[in-house]
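Below is one structure, written out as structure tokens; comments come after it.
Numbering (my numbering), first residue to last: 14 to 224.
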């Protein structure tokens with residue numbers, strides 16, 4: 014997981030650390046002149062969330078350094094998810110990739126913020142089992158952007174042959190459909206994966222048979 018996150022960040026961050034809007038990988042929506050700066054902030058704070066979450070989910074680290082775990086948890090929430098989620102709602106609601114993608118982005122942003130807040134609130138109330146469950150969901154949503162980098166190309170490869178039929182030759186319609194599928198599927202997949210992980214139960218040992 015650490016390698017995947019490092020590779021993803023190494024690929025994703027440079028255009029937004031350059032402070033050059035022409036380097037953005039997302040087209041600027043009409044009338045949203047500050048798009049690049051909102052997107053750059055989202056990427057920066059999202060990167061903080063990814064890096065801090067990586068240590069947070071490591072059982073050995075949590076057990077060995079509980080005080081650091083608590084401090085990193087605050088970093089994850091207040092310097093990562095909270096600002097990144099707020100930027101995601103703004104950038105997502107004005108996405109240049111069509112209405113279906115906008116709705117998907119906003120829903121994902123609300124879920125991300127909601128799960129994170131629920132986890133933080135549970136920790137404040139010392140309900141640590143609930144805290145862990147909500148933070149697993151929050152972490153999954155943090156990683157959904159990486160999953161979308163897989164679902165997007167798959168959707169494109171699947172739909173590209175239908176350009177002249179289903180999409181009437183419209184590259185715009187194809188691009189918007191691919192973006193929407195990627196956004197919805199990635200969010201759904203990570204939440205299903207998180208719930209599957211949470212619902213797993215270790216096999217119970219059978220009691221020894223008396224002889």
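Quick reminder that beta carbons are idealized off the backbone N, C-alpha and C, glycines included.
Cβ distance (whole Å) where residue i is taken to contact residue j below 8 Å
i           : j           : result
residue 65  : residue 93  : 6 Å
residue 225 : residue 180 : What the structure shows of the chain is the stretch from 14 to 224, and residue 225 is not part of that stretch, so it cannot be assessed.
residue 151 : residue 203 : That belief does not hold up - the Cβ atoms of residue 151 and residue 203 are roughly 10 Å apart, past 8 Å.
residue 104 : residue 51  : 5 Å
residue 164 : residue 199 : 5 Å
residue 125 : residue 135 : 16 Å between Cβ atoms; not a contact.
residue 210 : residue 149 : 6 Å
residue 207 : residue 131 : Going by Cβ atoms, the distance from residue 207 to residue 131 rounds to 13 Å, so no, they are not a contact pair.
residue 36  : residue 28  : 4 Å
Three-way DSSP call (helix, strand, coil) for residue i in this model
i           : result
residue 14  : coil
residue 71  : coil
residue 177 : coil
residue 63  : helix
residue 47  : coil
residue 35  : helix
residue 26  : coil
residue 79  : helix
residue 21  : helix
For residue i, the first and last residue of its enclosing alpha helix (DSSP H)
i           : result
residue 189 : 184-212
residue 96  : 95-106
residue 92  : Counting along the chain, residue 92 falls outside any alpha helix (DSSP H), and DSSP gives it neither H nor E.
Own chain residues within Cβ distance below 6 Å of residue i, not counting five before or after
i           : result
residue 54  : 100
residue 176 : 187
residue 222 : Annotation note: pLDDT 41 at residue 222 (below 50); position unreliable, coordinate value reported separately. The answer is none, since no qualifying residue turns up.
residue 108 : 114, 115, 118
residue 194 : 168
residue 96  : 58
residue 74  : 68
residue 88  : 65
residue 122 : 98, 101, 102, 105
residue 178 : none
Residue i beta carbon near the ligand PLP (any heavy atom closer than 7 Å)
i           : result
residue 180 : The model on display carries no ligand, and the ligand PLP is accordingly not part of it.
Nonlocal neighbours in the same chain, by C-beta distance under 7 Å from residue i, ignoring five residues either side
i          : result
residue 26 : 56, 60
residue 62 : 89, 93, 94, 97, 155
Close-in-space but distant-in-sequence residues of the same chain around residue i (CB under 8 Å, 5 per side omitted)
i         : result
residue 9 : Residue 9 is absent from the structure shown; the chain starts at 14 and stops at 224.
Open item on the list: In chain order, what are the residue ranges of uninterrupted alpha helix (DSSP H) at least 4 long that sit wholly in the stretch 110-168?
Closed with: 112-137, 141-155
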